[in-house]
Amino acid sequence: MLENLQELYDGTVLSIFMLKTDESVLNGDGLGRNVAENQLEAFDGVFTTSSSLIELNVSHNALQTFNIPLPHLTTLDLSSNVLTEFPNAVFASSQLDSFRISGNGFEIVTLSTAQYDFFAGLSDFQAAFADVSTCASGSLVYLQGKGVCRLDIAAEEDPAIVMRDHGADKEEPSTPMATVGVVIPHLPIPSNNITKKYIIAAIIVLMVIGMIAGVIALISLGIVGGIARAVYEYIGRWQKKRHREGIHENTPLFFDQAARASYQKEMDAVDKLFPSNDPVLVTWRIDYDSVTLVKKIAQGAFGEVWVGHYRNDRVAVKRLIQDQVSLATSEAFLREIKLMAWLEHPKIVQFVGVAWTKLVDMLAVIEYMDGGDLRTLLDKKSPKKLPWQEGGLKLQYARDTIDAVVYLHSLSVVIIHRDLKSRNILLDSKKGAKLGDFGVSATKRQHDMTAGVGTARWLAPEIARGEDKYTEAVDVYSFGIILSELDTHQLPFGDAKTSAGAPLNDMAILQGVSSGTLQVTLSPTCPSNLEALARSCMNLDPAQRPTAAQVAYELRKSDLLL
16 MLENLQELYD GTVLSIFMLK TDESVLNGDG LGRNVAENQL EAFDGVFTTS SSLIELNVSH
76 NALQTFNIPL PHLTTLDLSS NVLTEFPNAV FASSQLDSFR ISGNGFEIVT LSTAQYDFFA
136 GLSDFQAAFA DVSTCASGSL VYLQGKGVCR LDIAAEEDPA IVMRDHGADK EEPSTPMATV
196 GVVIPHLPIP SNNITKKYII AAIIVLMVIG MIAGVIALIS LGIVGGIARA VYEYIGRWQK
256 KRHREGIHEN TPLFFDQAAR ASYQKEMDAV DKLFPSNDPV LVTWRIDYDS VTLVKKIAQG
316 AFGEVWVGHY RNDRVAVKRL IQDQVSLATS EAFLREIKLM AWLEHPKIVQ FVGVAWTKLV
376 DMLAVIEYMD GGDLRTLLDK KSPKKLPWQE GGLKLQYARD TIDAVVYLHS LSVVIIHRDL
436 KSRNILLDSK KGAKLGDFGV SATKRQHDMT AGVGTARWLA PEIARGEDKY TEAVDVYSFG
496 IILSELDTHQ LPFGDAKTSA GAPLNDMAIL QGVSSGTLQV TLSPTCPSNL EALARSCMNL
556 DPAQRPTAAQ VAYELRKSDL LL
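For the sequence shown, our numbering begins at 16 and goes up steadily by one.
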C-alpha cells in the first residue's frame with residue numbers, strides 16, 4: 016500500500032513524498048515495517064515515536080547512516096545501502112535476533128569480544144567479512160564461516176570494528192583500513208579487563224583487612240564471595256538467554272596457532288576464578304562434588320570412561336587422562352562436549368552435564384548404558400545364537416543406529432559423525448542401542464572437514480583417498496560396514512589376507528578400499544534383500560548410496576529378511 020510520508024514518519028520530510036510499504040510484513044499490532052527499495056538517502060529522526068517496532072526492513076535504499084535506537088527490535092535488515100560506518104544504534108537492540116547488513120561497500124576485519132558475542136548470539140546474521148587467515152593482534156575466529164580477528168582482552172581498551180572497502184586487496188589492502196569506533200551501550204557482559212582489575216583490587220583489600228583483623232577479613236570474604244557468586248549467576252543467565260539454538264553453528268570450534276596461544280594465556284589468567292565463560296559450558300555446568308567416580312571401564316589414547324554416580328543416578332563419566340592433558344586434547348574434549356550438549360534424540364546417548372574445578376579435571380557426564388557396546392556383544396555371541404529375525408536384537412540395533420544417523424543428517428546444520436563403528440554403538444537392556452562418541456564429528460561446512468578422520472576398517476573410500484570435500488554419505492558407508500558386522504559377527508576385512516597368508520594391516524585395507532579392489536565379506540546365510548541394502552550403502556560412488564532416511568525405510572520393510 017501507499018502511505019503519506021508525513022503521516023508515517025511523524026512529519027519528517029524526505030526526498031520523496033510517497034513511500035512504498037509492504038503490508039504483508041506488518042504485524043497484527045502494527046509493529047513491523049518494510050520500506051525496502053524506496054531510494055531513501057537519510058533516516059535521521061525517522062520512527063522517533065515508534066520505539067516499540069520489532070521488525071524493520073530498510074534494505075535496498077541509499078542510506079549513509081542509521082542512528083535510530085530501537086530497543087525492542089528483533090529483526091533488522093540494512094543490507095544493500097551505502098552505509099559508510101557501522102551503525103552504533105544496532106547495539107541498543109538487546110532483543111535483536113536477525114540482523115542483515117551485507118552489501119554496504121565494506122568488510123568487517125576486526126571485532127571486540129563483546130561485539131563478537133553480540134553477533135554470535137544472533138540466529139540470523141548476514142554481513143560482509145574480509146575472511147582473513149591471520150591476525151596481527153587478537154585471535155582468528157569465525158562468523159558465518161568467514162575469518163575475522165577478535166581482539167584479545169588486553170587489546171579492548173577502545174572497542175572498535177575495523178572495516179575495509181570491498182575493493183581492497185584481501186592480503187595487502189591498497190587503501191587504508193578505516194577504523195570505526197563503536198560505543199557499546201551497556202551490553203550485559205562485563206568488561207574482562209575491568210573485572211580483572213576489580214578482582215585484583217578486592218584481593219588486595221582482603222589481604223590488608225586480614226592483617227588488621229581476622230574477623231573483619233572473614234566477614235568481608237563472605238560479602239565479596241556473595242557478590243562474586245551473584246555476578247557469576249547473572250552472567251550465566253544472560254548467556255543462556257543470548258546464546259540460543261543458532262549459537263552452535265557460530266561458536267568457533269577450531270583455532271589457529273595464534274589463537275591457541277592467546278587462548279592458553281586467557282585460560283591461565285582466568286581459570287582459577289571462572290574456568291570458562293563459554294555459554295554452552297555455563298548452561299550445562301553441574302556441581303563437581305556431586306559426581307562420584309566408581310570404576311574405570313574403558314580407556315583410549317587421551318581419554319577414559321568411568322562408571323559413576325550423579326546425585327542418585329548411575330552415569331558414565333568421560334575425562335581426559337591426567338598425564339595426557341594438553342591444549343590440543345582439551346580443545347578436542349571441549350568440542351565434543353559442546354556438540355553432545357546440542358544433540359537430543361532417543362537413540363543418541365544423552366548428555367547430562369559438565370563439571371570442573373579447573374580445565375584439566377573437566378568431566379563430561381553422560382547417560383549410562385548397561386549392556387556395553389555392540390562389538391563386545393558380537394564377539395561373545397555366535398551368529399547362530401543371535402540370528403537375523405524380525406523382532407530380534409540385531410535388526411532392532413540396526414534400526415536404532417540408523418535412526419540416530421537420520422537425526423544427525425536432518426539437522427539444520429548437518430552433523431557428520433565420521434566414526435560410525437560397532438564399538439561406538441552402546442547397548443542397554445531396556446533402552447536398546449544408542450549412538451555415542453562424537454569426538455571426531457563435524458558440521459557440514461568446508462572448513463570443518465578433515466581428510467583421513469575415522470577408523471580405518473569403517474572408513475569410506477573418498478576419505479581413504481584423502482578427499483576433503485565429502486558429505487554425509489560417508490556415514491552411510493560406515494553403516495553398511497556395521498551391517499556386515501551384524502551379519503558375520505567378525506571385524507570388517509578380518510578374513511582378508513596377504514599373498515603370504517598374513518592378515519592385512521590398516522594401510523593395506525585403506526588402499527584396497529580406496530581403489531575398489533577390496534570389499535567386506537557377508538555370510539552365505541545373509542538374507543538377500545539385507546545383503547543388497549548393505550552393498551548399496553557401501554557403493555564406491557557416494558552419490559549412488561542411499562540416504563540415511565532411505566536406509567531406515569528399507570530396514571523396516573516386511574520383505575527385508577527374505
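Every residue, glycine too, gets a C-beta built ideally from N, C-alpha and C.
Check, Outcome
"His-424, enclosing alpha helix (DSSP H) - first and last residue", "408-425"
"Delimiting residues of the beta strand (DSSP E) encompassing Glu-586", "Because the chain in this structure spans residues 16 to 577, residue 586 falls outside the shown range and cannot be described."
"For Leu-308, three-class secondary structure by DSSP", "strand"
"Bridge-paired residues (DSSP) for Gln-337", "The partner list for Gln-337 (beta bridge, DSSP) is empty, contrary to what the question assumes."
"Through-space distance from Leu-537 to Gly-387, alpha-carbon basis", "24 Å"
"Any alpha helix (DSSP H) of 4 or more consecutive residues that is wholly inside the stretch 507-559", "521-530, 543-552"
"contact_flag[the stretch 113-126, the stretch 135-152] where n(CB pairs < 8 Å) is 3 or more", "yes"
"Nearest candidate by alpha-carbon position, reference His-360, set Ile-440, Ser-493, Ala-488, Ala-419", "Ala-419"
"Straight-line gap, Leu-519 to His-432 (C-alpha atoms, nearest Å)", "26 Å"
"CA nearest to the CA of Lys-310, picked from Thr-391, Gly-323, Asp-304", "Gly-323"
"Three-state secondary structure (DSSP) of Glu-122", "strand"
"Neighbourhood of Leu-202 by C-beta distance below 7 Å, restricted to the same chain and skipping five residues each side", "Legend: pLDDT at Leu-202 = 34, less than 50; position of this residue unreliable, no value from coordinates given."
"Same chain, Cβ closer than 8 Å to Lys-396, neighbours up to 5 away in sequence not counted", "His-504"
"Whole-number beta carbon distance between Pro-561 and Val-489, since they are thought to touch under 8 Å", "Their Cβ separation, rounded to whole angstroms, is 13 Å, which puts Val-489 and Pro-561 out of contact at 8 Å."
"Bridge partner(s) assigned by DSSP for Lys-449", "Leu-441"
"Simplified DSSP assignment, three categories, for Phe-289", "Because Phe-289 sits at a pLDDT of 41, beneath the cut-off of 50, its placement in the model cannot be relied upon, and the point is left open."
"CA-to-CA distance, Phe-144 to Pro-557, given in whole angstroms", "33 Å"
"Through-space distance from Thr-416 to Ala-471, alpha-carbon basis", "20 Å"
"Local conformation of Asn-103 per DSSP, three classes", "helix"
"Boundaries (first-last residue) of the beta strand (DSSP E) holding Thr-486", "No beta strand (DSSP E) holds Thr-486; DSSP gives it neither H nor E."
"Host beta strand (DSSP E) of Thr-89 (start-end)", "Taken as a continuous stretch (DSSP letters only), Thr-89 belongs to no beta strand (DSSP E), as it is neither H nor E."
"First and last residue of the uninterrupted alpha helix (DSSP H) at Asp-132", "128-135"
"Inter-residue Cα distance where the pair is Ser-530 and Leu-506", "20 Å"
"Classification of Asn-439 by the beta-carbon crowding that lies within 10 angstroms, buried from 16 upward", "buried"
"Three-way DSSP call (helix, strand, coil) for Phe-494 in this model", "helix"
"Buried versus exposed, by CB contacts within 10 Å (16 or more), Pro-476", "buried"
"Residue range of the alpha helix (DSSP H) that includes Ile-352", "342-357"
"Cβ neighbour criterion (16 or more within 10 Å) applied to Ser-444", "exposed"
"Cβ-based burial, Ala-547 [other Cβ within 10 Å; buried from 16]", "exposed"
"Cβ shell of Gly-495 (< 6 Å), same chain only, five flanking positions each side left out", "Ala-549, Cys-552, Met-553"
"Buried/exposed call for Asp-184, threshold 16 Cβ in 10 Å", "Reliability fails at Asp-184, whose pLDDT of 44 lies under 50, so the model's placement of it is uncertain and the value that follows must be treated cautiously. Counting Cβ neighbours within 10 Å, Asp-184 comes out exposed, since fewer than 16 surround it."
"Segment contact, 8 Å Cβ cut-off, at least three pairs: the stretch 311-318 with the stretch 329-336", "yes"
"Counterpart residues of Asn-49 in DSSP-defined beta bridges", "Asn-72"
"Classification of Lys-294 by the beta-carbon crowding that lies within 10 angstroms, buried from 16 upward", "Note on residue identity: the sequence assigns Pro, not Lys, to residue 294. Answer is buried; the Cβ neighbour count reaches 16."
"Expected contact under 8 Å - CB spacing of Leu-378 and Val-306 to nearest Å", "6 Å"
"Coarse secondary structure for Val-364, derived from DSSP in three states", "coil"
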